[in-house]
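Residue numbers (my numbering): 895 to 1748.
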């Protein structure tokens, strides 16, 4: 009996809220939902087919190097890489002996040992039973997390619409440091990048092996943007008004792992897959592919996010660990999905990986702008109030404009539910005349408001009025193709205006004077930034970096012929600024390895006073404090797990290493917030470290009595002295454990059937779950799902299927009447036992289904 297919149909819907702050100055606040489509890229539905990643037990190059204490010769590394590839060929040969032919997409031997391929259920079942295989994991989709130089020089921009990262270390610019950028292609001709970007590597390999920004296959006017934007944040210099990136002397090695690929609807979208991402890490640690990783990039920036996939054992998490073992620091975006929890958060992969430097986004804008907006139909006033200016361009003067709408007045929904923006041709009639030229275009924001606004502006709109979501002040940022004001109005106002247009009436928009308002979400973690605990109970992100309205380069040129610039929002942008900071530190402290770099960046960040540990990690990146660091810790965050039983206790260990040239006398402090009845102790709590010395600290968390549900306790382990800045290691402990079953809704389409490969019985069920929390919906994933077949006499017939790392969703499984070995089963009664095990291996959910083979 073999399954004919496994279909994941899960969707996560979050309820998000935000509060305001009283002030004498008007305050503009925003929620995570308001940033949808503005922080990071849009997320069209993508079908990865049957692609899986097979991880082998035979060691990778990274594992061999780690076992050798981090040191190996060139020839040893090449031998170990060859041995890893040989182990893969042995497994593939075993599959071939069973009649299963596999076409491999990517081979991995440096950061992990394994391969990716499209595998049917028979191949997956065979592989999971092979002793050489550590596991078979699903491939996931990862998504990437813009104004001419003349426009930047004008005094027509709203406050808070654009700024540079403002991260610097006097005397250092990252010279001699290579940063691998795993992203879309990069426009190397952009003058802002000044030749600091190499030709690079194209993992997607669509005919050009260089990592250049590609054009959309069906629209030559649209280029991949994200890689060029990230490169500008890293190494750009000489921009308008002194604009520059963080590490202007560093070199970028672009590795194109994301780009134009087909989505579920048959269109083209920019995204990556985790199998492509791992292939990119393979090249980051061995750019010339000779099997020797001594030429590895010092830093690898991964500004991509596979939403909610915070599994610690996933292939991409293992690959991040492998890169670290080969002395490449992986700096990754935490994600752009806002609040969640109280336990498991909204974190993405690979940013949630235990060995990544996980970066969230901070909003450092103190001010924003709002503008008086009046919409009326005849004498009826639909709205008359101050609204946030969503774009970067201020109204030059008070204006009154007729409202107009594209022919498709609402965004088009794709089969996956993605609300696409109105296409450019919908703004024109059959005669080629624009319906919005010189008018205010009323456009649904959808899931890609940036493109919606761009299309309206290209059609000649004098202003753009969005509806469908509350766009935050400055959320659209700068875009050279949108030199017009943009505001968002409530849905009921938009519907009334659209109805008036349909009836032949003439709605109008008045834009009045703008005024400065306080940015209610400034000076803290951005509302959209992912946060919480990963699925191994580890605090994520490690720290936050500037991630809202950052000015950077765009591909190609502006309409006036000058270099194109724009702004970006998201944890991807924040990760780029922190990767730049890492390059500065790598130049300033060349003796530090990748683990030490990760620790000093995370451990010496500056906390926001009002922010929780699970929101910000240790706080905002502080490259000056990190440069003076005298201590490093491994790991950078502690994972105690939940306090879920009477008299609970958990012990974690920390390795503290001296980076100082002097003898240090140190103390350990364990402050905490919340958690009455919870106590943390460290042993030793006082010690001395000679230069280069190490010590292992045991940190014990214990709870007296029986825990009750409530907000998590949290804090930071602080290690230092009166003469040193303290090194901080964050932790958080939730209370209680969700007892909702991880399997529900089991249904077998027919209880009695004849064996058939073409018309199987279908077993459907829901795996995992969602539960409401005070800050958002909490995800309950499944670490492993086993299906074991037994006869009516209780005879164990074998493991039918094992699926790993499942996010909440609906799944279907076909029963064809064949046993785990592929043989037709004799007539009789059978039982299929299902076991859904959480990622931490705690309480599993068991279910059984009985059926009869005729």
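Cβ coordinates follow ideal geometry from the N, Cα and C atoms, glycine included.
A quick note: this is a predicted structure, and the numbers were derived from the prediction, not measured.
Would you give the residue range spanned by the beta strand (DSSP E) that residue i belongs to?
| i | result |
| --- | --- |
| residue 1722 | 1722 to 1731 |
| residue 843 | No answer is possible for residue 843: it lies beyond the span of the chain, which begins at 895 and ends at 1748. |
| residue 1270 | 1261 to 1271 |
| residue 1360 | 1357 to 1361 |
| residue 1020 | Where residue 1020 is concerned, there is no enclosing beta strand (DSSP E), although the alpha helix (DSSP H) it sits in stretches over 1015 to 1023. |
| residue 1448 | 1444 to 1451 |
| residue 1746 | 1739 to 1747 |
| residue 1004 | Premise fails: residue 1004 is in no beta strand (DSSP E) and is neither H nor E. |
| residue 961 | Note, residue 961: premise wrong, no beta strand (DSSP E); alpha helix (DSSP H) at 955 to 961. |
| residue 1637 | 1637 to 1642 |
| residue 1664 | 1663 to 1666 |
Using beta-carbon positions only, say whether residue i and residue j come within less than 8 Å of one another.
| i | j | result |
| --- | --- | --- |
| residue 1640 | residue 1709 | no |
| residue 1383 | residue 1361 | yes |
| residue 1070 | residue 1481 | yes |
| residue 1630 | residue 1426 | no |
| residue 996 | residue 1017 | yes |
| residue 1248 | residue 1203 | no |
| residue 876 | residue 1591 | No information on residue 876 is available, as it lies outside the stretch 895 to 1748 that the chain covers here. |
| residue 1449 | residue 1122 | yes |
| residue 1406 | residue 1277 | no |
| residue 1200 | residue 1158 | no |
| residue 946 | residue 1025 | no |
| residue 1252 | residue 1213 | no |
| residue 1339 | residue 1329 | no |
| residue 1139 | residue 1151 | no |
| residue 1610 | residue 1517 | no |
| residue 1195 | residue 1036 | no |
| residue 1487 | residue 1221 | yes |
| residue 1297 | residue 1359 | yes |
| residue 1210 | residue 1242 | no |
| residue 1496 | residue 1530 | yes |
| residue 1691 | residue 1679 | no |
For the alpha helix (DSSP H) containing residue i, list its first residue and its last residue.
| i | result |
| --- | --- |
| residue 1542 | Run containing residue 1542: none; DSSP gives neither H nor E here. |
| residue 1460 | Premise fails: residue 1460 lies in the beta strand (DSSP E), 1457 to 1462, not in any alpha helix (DSSP H). |
| residue 1520 | 1517 to 1521 |
| residue 1346 | 1343 to 1352 |
| residue 1172 | 1168 to 1179 |
| residue 1510 | 1507 to 1510 |
| residue 939 | It is not in any alpha helix (DSSP H) - residue 939 carries neither H nor E in the DSSP assignment. |
| residue 968 | 968 to 991 |
| residue 1378 | Counting along the chain, residue 1378 falls outside any alpha helix (DSSP H), and DSSP gives it neither H nor E. |
Below 8 Å on the Cβ atoms is my guess for residue i versus residue j; work out the distance and round it to an integer in Å.
| i | j | result |
| --- | --- | --- |
| residue 1500 | residue 1521 | Going by Cβ atoms, the distance from residue 1500 to residue 1521 rounds to 13 Å, so no, they are not a contact pair. |
| residue 1649 | residue 1711 | 3 Å |
| residue 1321 | residue 1284 | Contact doesn't hold; Cβ gap of about 19 Å is too wide. |
| residue 836 | residue 1088 | Nothing about residue 836 can be reported from this structure: the residues present for the chain run from 895 to 1748 only. |
| residue 1133 | residue 1459 | 7 Å |
| residue 1445 | residue 1137 | 5 Å |
Among residues of its own chain, excluding the 5 on either side of residue i, which ones have a beta-carbon nearer than 6 Å to its beta-carbon?
| i | result |
| --- | --- |
| residue 1734 | none |
| residue 1173 | 1000, 1097 |
| residue 1739 | 1635, 1636, 1637, 1730 |
| residue 1509 | 1419, 1425 |
| residue 1746 | 1646, 1723 |
| residue 1669 | 1233, 1235 |
| residue 1604 | 1629 |
Quick one: residues in its chain with C-beta nearer than 8 Å to the C-beta of residue i, no 5 flanking neighbours on either side, listed in chain order?
| i | result |
| --- | --- |
| residue 1535 | 1431, 1544, 1627, 1734 |
| residue 1022 | 1029, 1030, 1693, 1695, 1696 |
| residue 979 | 1001, 1003 |
| residue 1260 | 1054, 1412, 1413, 1416, 1417 |
| residue 961 | 953 |
Which same chain residues end up closer than 7 Å to residue i when comparing Cβ atoms and leaving out the 5 residues on each side of it in sequence?
| i | result |
| --- | --- |
| residue 1116 | 1109, 1110 |
| residue 1149 | 1074, 1075, 1076, 1094, 1095, 1097, 1105, 1174, 1177, 1178 |
| residue 1044 | With a pLDDT of 43 at residue 1044, under the threshold of 50, the predicted position of this residue should be treated as unreliable, though the coordinate-derived value follows. Same-chain partners within the cutoff: 1454, 1456. |
| residue 1451 | 1457, 1458 |
In chain order, which beta strand (DSSP E) runs of at least 3 residues are fully inside the stretch 1194 to 1272?
1223 to 1227, 1251 to 1257, 1261 to 1271
Just to confirm the assignment: which complete beta strand (DSSP E) runs, minimum length 3, are found wholly within the stretch 1087 to 1130?
1113 to 1117
Kindly provide the ranges of any alpha helix (DSSP H) runs that are 4 or more residues long and lie completely inside the stretch 1467 to 1498, ordered along the chain.
1488 to 1497
Segments of 3+ residues assigned as beta strand (DSSP E) that fall wholly inside the stretch 1550 to 1599:
1558 to 1563, 1572 to 1577, 1580 to 1583, 1588 to 1597
Could you give the uninterrupted runs of the alpha helix (DSSP H) lying entirely in the stretch 1380 to 1438, keeping only those of 4 residues or more?
1385 to 1396
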